[in-house]
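Down below is the structure, laid out as structure tokens.
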Amino acid sequence: QSSDVDKNAAIVIFVASGRCRVFQDGQEIDCIIPPEVAVRQQSALAVGDRVQLDENRAVKAVLPRRTVLSRPDPNNPHRQRLIAANLDIVIHVVSVKAPPLRPRLID
37 QSSDVDKNAA IVIFVASGRC RVFQDGQEID CIIPPEVAVR QQSALAVGDR
87 VQLDENRAVK AVLPRRTVLS RPDPNNPHRQ RLIAANLDIV IHVVSVKAPP
137 LRPRLID
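See the structure below:
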């Protein structure tokens with residue numbers, strides 16, 4: 037049954053307030069994020085999340101995340117802000133000369 041869920045999962049490629057765009061079966065689909073799904077989430081829906089959709093193109097479930105990329109919340113040091121989920125590779129590109137390198141931003 038788990039493989040059926042994974043096979044039918046859509047991948048989030050864009051997120052905005054109350055809506056998202058997913059990629060499923062070779063096409064992009066605009067979807068809504070019902071409040072009850074948003075409330076159940078530990079963290080906001082992110083690009084890379086795998087989701088299940090209902091017949092009305094609404095997100096009905098968010099599948100478990102394999103990995104997360106996050107950054108510290110500047111207003112709350114005990115909280116993380118989610119950037120993306122289920123990443124396999126991250127390439128960090130920084131300028132060395134202009135603007136000058138700021139190593140603390142890389143950490």
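For the sequence shown, position 97 matches number 133 in this note's numbering, and the numbering has no gaps at all.
We put the CB at the ideal spot given by N, CA and C, even for glycine.
This structure is a prediction, so every number in the text was calculated from the model and none was measured.
For I127, no beta strand (DSSP E) encloses it, and the DSSP letter there is neither H nor E. Within the same chain, and ignoring the five residues on either side of F59 in sequence, the residues whose Cβ sits closer than 7 Å to its Cβ are A46, I47, I49. In the three-state DSSP reduction, A74 falls in the helix class (H, G or I). Our two residues, I65 and R117, have alpha carbons roughly 25 Å apart in a direct line.
Between the C-alpha atoms of P139 and S131 there is a straight-line separation of about 10 Å.
Residue state for L141 is assigned as helix, using DSSP reduced to three classes. Rounded to whole angstroms, the Cβ separation of L105 and A94 is 26 Å, and the two are not in contact under 8 Å.
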